[in-house]
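Letter by letter, the sequence shown follows residues -8 to 768 of the numbering used here.
Ideal Cβ positions, reconstructed from N, Cα and C, are used throughout, including at glycine.
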Amino acid sequence: MENTSFEMIETLPVIPLRNIVVFPQMVTHFDVGRDVSIKAIEEAELNDSKIMLVTQKDYKEMEPGVEDIYHTGTVAVIRQMLKLPQGLIRVLVEGKSRAEIKSFDSFDPYISAKVMMINDDQSELTVEEEAAIRLVKEDLETYIGNNSKISPVAMEMLNEIQSSDSLIDMVASYLPLKIEDSQRLLEVTDRYERIIEFHTILQREIELLGIENKINQRVKKQMGKVQKEYYLREQLKAIHKELGEDDEAEESVSYVEKIKKLKLPKEVNAKVLKEAEKLAKTNPSSPEYAVLVSYLDWIIDLPWKYKKGKDIDLNYARQVLDEDHYGLKDVKERILEFLAVRKLTDTPKGPILCLVGPPGVGKTSIARSVARALDKNFVRMSLGGVRDEAEIRGHRRTYVGSMPGQIIGSMKKAGTVDPVFLFDEIDKIGSDYRGDPASGLLEVLDPEQNSTFTDHYLDVPYDLSKVFFITTANDTQTIPGPLLDRMEIIRIEGYTPEEKAQIAIRYLLPKQLEENGIPEGNVSVSDNAIRSIINHYTREAGVRNLEREIQKIIRKAAIQIVGENKKKIRVTEGNIEKYLGPKVYLYEEMKDTDQIGVVNGLAWTQVGGVTLTVEANTIEGSGKIQLTGKLGDVMKESAAAGISYIRSIASEYGIEEDFYSNTDIHVHVPEGAMPKDGPSAGVTIATAVLSSLTKTPVKRDVAMTGEITLTGRVLPIGGLKEKLLAAERMGIKTVLIPKENERELVDIEKNILNKLNIVPIENAKEAFEIALAEKEK
Ligand SMILES: Nc1ncnc2c1ncn2[C@@H]1O[C@H](COP(=O)(O)OP(=O)(O)O)[C@@H](O)[C@H]1O
Ligand SMILES: [Mg+2]
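See below:
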């Protein structure tokens, strides 16, 4: 049973080991250099190579004493020795038996001690021990299963081992145990206790292994991502290089350097540099990295540097404005004046230009033309539907996907710090929550504030003071007051049919031919065809629909050229219906006959002048007055004034004096597309009521406009030109206007004046005189 070559107590040389515990059966090597250790080995060599190996409690101790070493260790046999440089000896040993030092004989020249062997218990296992061994085996299976470094075959080998002590010694020598744990396994002599101790240690090791694996997986995943990104970046670099673009794309040009190159204003520079430096410390796979990169890219892409351009050349500007737009003499003149003032003061601190007029009169395209005239870049930001201040100022950079507002976005598009910047349709700004976006705009347009405009996303001041702002609006009424105060209004009225024809012939038609790629001469549209479009297919103050109809013709013609192989296409007044379908508006649209109680009024709306029909009806009743249709409050008041006036003069027109006690009056203004309000329908309403009361028809080719007082005086109105244009479009022959508006007629084109019989009136009775037809007999 017992190994006879090992006596129970022997005197043996001792080597204190550092950081290693040797178990029986374990074959291992260690290097010795200390004199006492070398002497111990020499002594062992003389004495059948047996040596006692113990472990130092503190590996740093150079001359360990009794208290500095564990007293339980392993007796081993030296198998090999190898002399190394610097007096070191590498020793290969094989562990034989656990043993305990009973007493020390000497520490000089080597440690010598009386050692007692701890013999393994060879008796049969008890039931408890058997159970405990099973637990240990389960532990081992789990451990080996979870440890990719150990081959699964190892378990089969371990199963062969019969003795529990052998199993423990064997496994313990391979596990990366702490010195204390290993030492305890050596020291415990009771077999059952030893198995339980081992089980405890194994459980802990399994737990540690699990945690290790988790950490490893995480590290691997991250490594994978980083490597993939690295790989892609390298590829990208290679592609850029192939394309000869590597200068710009070179990753090595760090953001810090790029930022430095921008020569940003001082405060901006400090802040942005800090962000760039933060980037260097951020993990490229984290979301913060992406947020930082897109922020820095915004900064880099924005224009920052001001280069003084050429002085404003007024002659050149005039030439460009004339090239781009037909007519608009006054408008161009005003714009040139505005530019001249700017040139003199050389500061953009003046008011902001605001082009006001109905749709399609060229407001947007004039702004573009101003940019060309000044030789500056052009950007346009449409304010239609901008409801939220964030659209102006952006969102804070706190969440992924946040962006600068449209001001900064447009500046990036502009690419220079001094573009012409159009706020298009400023009157359409946030009709829902007007306050906020308007206040943002106010700051942008205020020369005292806009040199330090702050976008929430950028979070650094941005200088907008070099920008040439222009705005447009259909109507000044809906522009918030404080904004309106900043602006110099230039009105663009609607065009006369002849002006429209000229615009179409000289600008719209050539433009559409070119845009549709039709060679010169292949398609022609006669001037009369264009006049027919103006009169019969469109009804507008501007030329937007005219342009659209021309576009329709050109597209159809293009299809004919391609599909039907035609060489030349002529569009004339005669064949225009082939292209645009039946005429939509006819001259005699007004009415077929003169009617009682129906009068043509003229109103001015956001889209320019329109004709409106006022209908009055009188029925038997109790003197009630009813107003229906789309009437604003102001129009209601003027209706009341008109009716009062009629009552006061009823007898002069042969109406019974007490008519209002047995007659109800009903005035109706059909809705139409645009809401109408204002006092200028007063005379029209009065005329309609009188016509109805006297049963006298109203001439259908007469239209009128004018406010009325309780005494019948006719007061002036606004939008005269627009209203005359509307009347002319409808084919009206005679227009009654307030006397006080007469002097405005000098500004109206000759051919409009020629087509209309314009009669200035001072009193409503003059209107009745002219508008009421012969009473039917
Ligand atoms: N006086 C004009 N001369 C030449 N083209 C014009 C003129 N007025 C308008 N246009 C053209 O009509 C179209 C509509 O003009 P746009 O600028 O969109 O009008 P708005 O902004 O006033 O609604 C554009 O193609 C524009 O170039
Ligand atoms: Mg426009």
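What span of residues does the beta strand (DSSP E) with residue i cover, start to end?
i    : result
E479 : 478 to 482
F414 : 411 to 415
L283 : Segment 278 to 292 is the alpha helix (DSSP H) holding L283; no beta strand (DSSP E) there.
N748 : 748 to 752
F95  : 80 to 97
A405 : Careful: A405 lies outside any beta strand (DSSP E), inside the alpha helix (DSSP H) at 397 to 405.
S356 : Here S356 belongs to no beta strand (DSSP E); instead the alpha helix (DSSP H) covers 354 to 365.
G588 : G588 -> no beta strand (DSSP E), and no H or E assigned at all.
D22  : 18 to 23
R371 : 369 to 373
T619 : 616 to 620
P729 : 725 to 729
Around the Cβ of residue i, are there at least 16 other Cβ atoms within 10 angstroms (buried) or fewer (exposed)?
i    : result
N465 : buried
Q397 : buried
P428 : buried
P7   : buried
A758 : buried
I610 : exposed
Q503 : buried
G300 : exposed
G533 : buried
T2   : exposed
N742 : exposed
K690 : buried
P395 : buried
S639 : exposed
Residue range of the alpha helix (DSSP H) that residue i falls in?
i    : result
T469 : Element bounds for T469: n/a, residue is neither H nor E.
A520 : 518 to 527
S114 : From DSSP, S114 is part of no alpha helix (DSSP H); its letter is neither H nor E.
M161 : 155 to 165
I11  : Taken as a continuous stretch (DSSP letters only), I11 belongs to no alpha helix (DSSP H), as it is neither H nor E.
Q503 : 500 to 506
A122 : 118 to 137
L344 : That residue, L344, is in no alpha helix (DSSP H); its beta strand (DSSP E) goes 343 to 347.
K543 : 535 to 554
Do you know how far the Cα of residue j is from the Cα of residue i?
i    : j    : result
V66  : I102 : 14 Å
S243 : K257 : With a pLDDT of only 41 at S243, under 50, the local geometry of the prediction cannot be trusted, and no value is derived from it.
L727 : N653 : 32 Å
K595 : R530 : The amino acid at residue 595 is misidentified as Lys; the sequence shows Trp. In a straight line, the C-alpha of W595 is about 14 Å away from that of R530.
D238 : N207 : Caution applies to D238, whose pLDDT of 47 falls short of 50 and renders its modelled position unreliable; the value that the coordinates give is listed next. When rounded, the distance between both Cα atoms is 39 Å.
I278 : V284 : Before going on, a small fix: residue 278 reads as Pro here, not Ile. So the alpha carbons of these two residues sit roughly 10 Å apart.
E121 : T191 : 16 Å
L287 : V210 : 29 Å
I77  : F21  : The sequence given here places Gln at residue 77; Ile does not occur at that position. One C-alpha to the other measures close to 15 Å.
K205 : K140 : 15 Å
R185 : E147 : 22 Å
K251 : N138 : 52 Å
K627 : I417 : 30 Å
A630 : D379 : 40 Å
V680 : V750 : 21 Å
E196 : A145 : 17 Å
E540 : Y528 : 8 Å
V347 : Q468 : 11 Å
K48  : H62  : 10 Å
Does any residue of chain B bring its CB to less than 8 Å from the CB of residue i?
i    : result
T445 : The chain labelled as chain B is not found in the depicted structure, where only one protein chain is given.
So if DSSP puts residue i in a beta bridge, which residue, or which two residues, is it bridged to?
i    : result
D460 : It is worth fixing the name first, because residue 460 is Phe in this sequence and not Asp. Paired residue(s): F412.
S515 : R561
N608 : H657
A104 : L3, F95
Q47  : I60
E698 : L706
A594 : V601
T445 : P452
I69  : V84
V689 : Q586, L763
Are at least three pairs of beta-carbons, each pair with one atom in the region 9 to 18 and one in the region 78 to 91, less than 8 Å apart?
-> yes
Report yes or no: do the region 93 to 100 and the region 67 to 74 share at least 3 C-beta pairs separated by less than 8 Å?
-> no
Touch test, the region 360 to 372 against the region 479 to 496, Cβ-Cβ under 8 Å, three pairs minimum | no
Inter-stretch contact (C-beta, 8 Å, three-pair minimum) for the region 462 to 481 and the region 404 to 419 = yes
Three CB pairs or more closer than 8 Å across the region 150 to 167 and the region 103 to 118 | yes
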